[in-house]
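In terms of my numbering, the sequence shown opens at residue 246 and continues consecutively.
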Amino acid sequence: MRRLLNIKLIICFILLSIQFTHAQQERKDYDAIAIKVQANFNADQSERIYQLTSAIFQKKMTGEQFARGMARFRTKVGDWKKNDFKEKNEKGFDYIALFENSKQIFSLKLNAEGKIDRLNFAATPIIIANKTEKQESNNPLKDSTDLWVEQKVRSYIQKGNTAAITLAVIQNGKIRTYSYGSTSKITKQLPSPETTIFEIGSVTKTFNALVLAQEVIAGRMKLSDPINSYLPDSIPTLQFQNTRITLENLANHTSGLPRLPANIFSRNVDPKDPYKHYLTDALYSFLKHYQPTVKPGTLFSYSNFGAGVLSTILERNTNCSFEQIIVTRICKPLKMNNTSISLSPIARKNFAQGYNEAGEATAPWDLAALKGSGAIRSTLSDMVKYTMAQMNISNTTPFQKAIILSHQTTFKGKEQDMGLGWRINHNKGNTYFHHSGGTGGFRSFVGFDLNRQRAIVILSNAADDVTNIGEDYLQTNNI
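Rendered as structure tokens:
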């Protein structure tokens with residue numbers, strides 16, 4: 246019996262040794278592939294990474310798609326600094342990948358031949374404790390509107406990654422403004438509605454579309470004009486199934502153009518200012534080689550690039566810079582004296598410090614050839630003037646006719662309709678127009694309901710979304 250027991254123990258030991266040796270070899274195999282992926286990633290050799298993948302992987306994604314995805318990812322995270330084994334699980338092996346601008350979970354799954362069946366990155370959750378000290382506010386907390394704002398905004402401003410938020414709620418022409426937090430975590434100063442400047446991000450697209458509407462009202466352009474009519478002759482006809490991309494398609498995101506152009510992702514990209522290198526020549530170069538794959542006007546697909554193409558066309562058609570167009574056509578008539586793209590010395594002093602998702606200070610963004618997608622900077626007071634102009638459509642000046650045109654539905658979608666620049670939503674019998682925006686360190690929201698004469702403007706110097714606050718105000722009937 247004792248001899249039999251010893252034999253069993255020896256067999257168990259041998260089996261455990263084999264399993265241990267196999268586990269060691271498996272770990273070495275995975276580590277070797279992880280090192281190759283890291284090295285080729287930093288060398289911008291995505292094709293060599295793709296060569297490491299299996300037939301199953303390559304059926305799901307072409308080499309071109311993989312290269313675009315890796316380039317886009319590299320633009321965001323920067324160089325791959327370190328790779329540490331985390332764990333083995335049912336999906337393969339996980340590593341903690343430390344990048345220049347991010348920490349990611351890097352997951353690998355190899356097949357029996359050592360080829361990659363699965364390769365995935367997922368950002369590690371950013372856990373930021375809420376502020377313990379109650380943030381300053383000028384909210385008087387006197388009535389239901391004040392209390393609604395306090396309820397919605399207090400939870401936002403107490404987050405550890407936020408800094409300041411200023412907003413205006415408008416009802417039947419009555420404007421109330423509120424400020425919370427600080428324009429800088431160092432100075433701890435409440436934002437001023439009149440002077441504190443924020444990046445408004447993609448709300449810029451509504452300005453872009455309004456200038457197009459002005460050109461249409463003036464008879465200098467038509468929404469149905471093919472965009473090739475306003476681009477260099479060297480760019481081939483941009484069409485799919487004999488349907489050309491039009492100016493309207495650029496303004497309502499039905500052009501089929503990508504969210505961002507593939508040639509924006511390169512070694513020249515600064516993740517802290519990711520668009521500044523993308524000049525007009527690069528925009529034209531992309532269009533020269535781009536082949537549409539979707540019939541224009543049939544599918545909503547949000548495109549920052551399309552907005553950049555529109556602003557470039559407006560510059561060519563008016564012989565003015567996009568900033569000159571916006572200031573002359575919109576800001577001066579509305580007396581929006583603190584709205585611009587470039588920052589004067591005085592504006593720089595009033596420019597709020599932006600903060601990213603982790604609550605770290607960020608630099609201002611330069612949108613270069615994509616200005617029309619999100620380059621404008623403004624104050625709350627100026628954006629209230631802009632919003633009030635959207636709601637005051639009783640007269641028939643050319644300016645107001647252009648605004649009315651921008652509100653007309655140009656595309657009906659499943660979740661929302663589109664005007665020119667504006668998103669249009671329907672909720673419990675009410676219709677409201679809105680657009681949100683975001684850059685590296687700012688978030689914004691503008692929305693209004695013409696029938697109920699209700700509107701809200703929100704500006705924040707943190708990359709934490711404010712859209713829910715804005716839409717909640719437009720959808721509620723309780724205040």
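Think of the CB as a built atom: it goes at the ideal place given N, C-alpha and C, for glycine as much as any other residue.
Q. Taking the DSSP output, what are the residues bridged to Thr607?
A. Gly599
Q: Indicate the three-state DSSP secondary structure (helix, strand or coil) for Ile301 in the structure shown.
A: helix
Q: Tell me whether Thr440 sits in a helix, a strand or coil according to DSSP, three-state version.
A: coil
Q: Determine the contact status of Leu343 and Lys327, defining contact as a CB-CB distance below 8 Å.
A: yes
Q: Please classify Val702: does DSSP put it in a helix, a strand, or coil?
A: strand
(Q) Closer than 8 Å is the cut-off here; do at least three beta carbon pairs connect the stretch 671 to 686 with the stretch 493 to 500? (A) no
Q. With a Cβ-Cβ cutoff of 8 Å, do Ser651 and Gly674 count as a contact?
A. no
Q.
Which residue marks the beginning of the alpha helix (DSSP H) containing Gln569, and which one marks its end?
A. 567 to 571
Q) Relative to the C-alpha of Ser437, which residue among Asn601, Gln635, Ile714, Ala597 is closest? A) Ala597
(Q) By the three-class DSSP mapping on this structure, what secondary structure does Ile415 have? (A) strand
Q. Rounded to the nearest angstrom, how far is the Cβ of Phe690 from that of Ser681, given a contact under 8 Å?
A. 5 Å
Q | Ser500 versus Gln484 - alpha carbon distance | A | 9 Å
Q.
Please state the DSSP three-state secondary structure of Thr471.
A. For the record, residue 471 in the displayed sequence is Pro; it is not Thr. In this structure, Pro471 counts as strand in the three-state DSSP scheme.
Q. Count the other CB atoms within 10 Å of the CB of Gly418; is the residue buried (16 or more) or exposed (fewer)?
A. exposed
**Q.** Same chain only: Cβ atoms within 6 Å of Glu345, ignoring 5 sequence neighbours per side
**A.** Gly323, Asp324
Q: Would you give the residue range spanned by the beta strand (DSSP E) that Thr740 belongs to?
A: The question about residue 740 has no answer here: the residues shown for the chain are numbered 246 through 724.
Q. CA-CA distance, Ile410 and Thr449?
A. 19 Å
Q. Taking the alpha-carbon positions, what's the Thr712 to Ala606 distance?
A. 22 Å
**Q.** Assumed close pair Ile648, Leu455 - CB separation to whole angstroms, cut-off 8 Å
**A.** 7 Å
(Q) Taking the beta carbon of Gln380 as the centre, do at least 16 other beta carbons fall within 10 Å, making it buried, or is it exposed? (A) buried
(Q) Check whether the stretch 473 to 493 and the stretch 515 to 526 are in contact - that is, three or more C-beta pairs closer than 8 Å. (A) no
(Q) So, for Ile263: in the same chain, excluding its five sequence neighbours on each side, which residues have a beta-carbon less than 6 Å away from its beta-carbon? (A) Annotation note: pLDDT 47 at Ile263 (below 50); position unreliable, coordinate value reported separately. Contacts found: none.
Q. Nearest-angstrom Cα distance between Phe366 and Arg319?
A. 11 Å
Q: Give the DSSP bridge partners of Gln720, in chain order.
A: In the DSSP output, where bridge partners are listed per residue, Gln720 has none listed.
**Q.** Rounded C-alpha distance that separates Arg293 from Thr307
**A.** 13 Å
Q.
Checking 8 Å against the spacing of the C-beta atoms, do Leu392 and Ile278 come in under that value?
A. no
Q) Is Tyr425 helix, strand or coil when you go by DSSP? A) strand
Q. Are there three or more Cβ pairs, one per stretch, closer than 8 Å when the stretch 573 to 589 is compared with the stretch 605 to 624?
A. yes
Q: Let me know if Ala310 comes out buried or exposed under the rule of 16 or more other beta-carbons within 10 Å of its beta-carbon.
A: According to the sequence shown, residue 310 is Gln rather than Ala. Exposed: under 16 other Cβ atoms inside 10 Å.
Q: Ignoring anything shorter than 3 residues or poking outside the stretch 357 to 401, list the beta strand (DSSP E) runs there in chain order.
A: 361 to 368
Q: Under 8 Å by Cβ, that's how I've got Ile462 and Lys646 pegged, so tell me the actual separation to the nearest angstrom.
A: 5 Å
Q) Which class does Leu492 belong to by DSSP, given the choice of helix, strand or coil? A) helix
Q.
I'd like the list of long-range same chain contacts for Ile420, defined as Cβ closer than 7 Å, with 5 residues on each side in sequence excluded.
A. Ala413, Val629
Q. When the distance is taken between beta carbons, is Tyr535 closer than 8 Å to Leu579?
A. no
Q | Three-state secondary structure assigned by DSSP to His522 | A | coil
(Q) As a quick exercise: from Glu560, Ile575, Thr488, Leu555, pick the residue whose alpha carbon is nearest that of Lys540. (A) Thr488
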